[in-house]
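Q: All you need for my numbering is the position in the sequence shown, starting with 1, plus 71.
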Amino acid sequence: MPSSEPAGPALPLREPHPAAAATIAELGARQLNLYKALANAPDMLDTWLRFAWSLRDDCTTPRVLRELMILRTASVMRADYEWHQHCEMARRAGASDEQIDGIAAWQTSDCYSERERVALMLTDAVLAGHVNDGVQYELARYFSDQERVELVLTAGFYTMVPRVLDALRVPIEDDPPEPGPDS
Numbered sequence: 072m073p074s075s076e077p078a079g080p081a082l083p084l085r086e087p088h089p090a091a092a093a094t095i096a097e098l099g100a101r102q103l104n105l106y107k108a109l110a111n112a113p114d115m116l117d118t119w120l121r122f123a124w125s126l127r128d129d130c131t132t133p134r135v136l137r138e139l140m141i142l143r144t145a146s147v148m149r150a151d152y153e154w155h156q157h158c159e160m161a162r163r164a165g166a167s168d169e170q171i172d173g174i175a176a177w178q179t180s181d182c183y184s185e186r187e188r189v190a191l192m193l194t195d196a197v198l199a200g201h202v203n204d205g206v207q208y209e210l211a212r213y214f215s216d217q218e219r220v221e222l223v224l225t226a227g228f229y230t231m232v233p234r235v236l237d238a239l240r241v242p243i244e245d246d247p248p249e250p251g252p253d254s
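1. In whole angstroms, give me the CA-to-CA distance for Tyr229 and Asp204.
2. Let me know if Tyr259 comes out buried or exposed under the rule of 16 or more other beta-carbons within 10 Å of its beta-carbon.
3. Would Ala166 pass as a contact of Leu139 if the rule is Cβ separation under 7 Å?
4. For Val232, tell me which candidate among Arg101, Thr94, Ala92 and Ala108 has the shortest Cα-Cα distance.
5. Just to confirm the assignment: which complete alpha helix (DSSP H) runs, minimum length 4, are found wholly within the segment 89 to 161?
6. Using 8 Å as the cut-off, can you tell me whether the segment 175 to 194 makes contact with the segment 206 to 224, which would need three or more C-beta pairs spanning the two stretches below that distance?
7. By the DSSP assignment, the alpha helix (DSSP H) with Tyr213 in it spans what residues?
8. Compute the distance between the beta-carbons of Ser146 and Ile171, then report whether it is under 7 Å.
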């Protein structure tokens, strides 16, 4: 009978193909184990990079808002890898230690703005699999149509990320995330 403990990555951690490696370097990112796992399917790695970095760089909503949403998905889904990668990014984007530490109980904390609370409400709804009319109403009160799309895509993508990390058994890097603009 197989052990219940993960034996390591589900796939070999490969170096990304040269064009993907160049893209990662141009983005100012690191060669993360996630990218090395995705490198087993080069076209999927390219697509992942374009979409993930578009969510980082091409949105009009504040980065701190989206980082709080990402940390919420990591907290709810117990995604240690995602939490490890995004704590420092959230700090650099402007999240306080109180916001980061309180994300598990955001509903009862007073350290979040109304817009942040609505974005976290959306995140929880996406995680639960249903965005009800009340959440839609609050989103419309605080965000433009474009911002709503950005937030929905952020919540959806980062709800998927922990499932991919788990299925591929991507290990956390031994070294801490580098301080930089957007690791």
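For every residue, glycine included, the Cβ atom is placed at its ideal position computed from N, Cα and C.
Small disclaimer: the values here were computed from a predicted structure and weren't measured.
A: Looking at the coordinates:
1. A straight line joining the alpha-carbon of Tyr229 with that of Asp204 spans about 22 Å.
2. Here the chain has residues from 72 to 254 only, and residue 259 is not among them.
3. yes
4. Ala108
5. Taking only runs of at least 4 residues, the alpha helix (DSSP H) segments lying wholly in the segment 89 to 161 are 89 to 97, 104 to 109, 113 to 128 and 134 to 147.
6. yes
7. Asp204 to Tyr213
8. no
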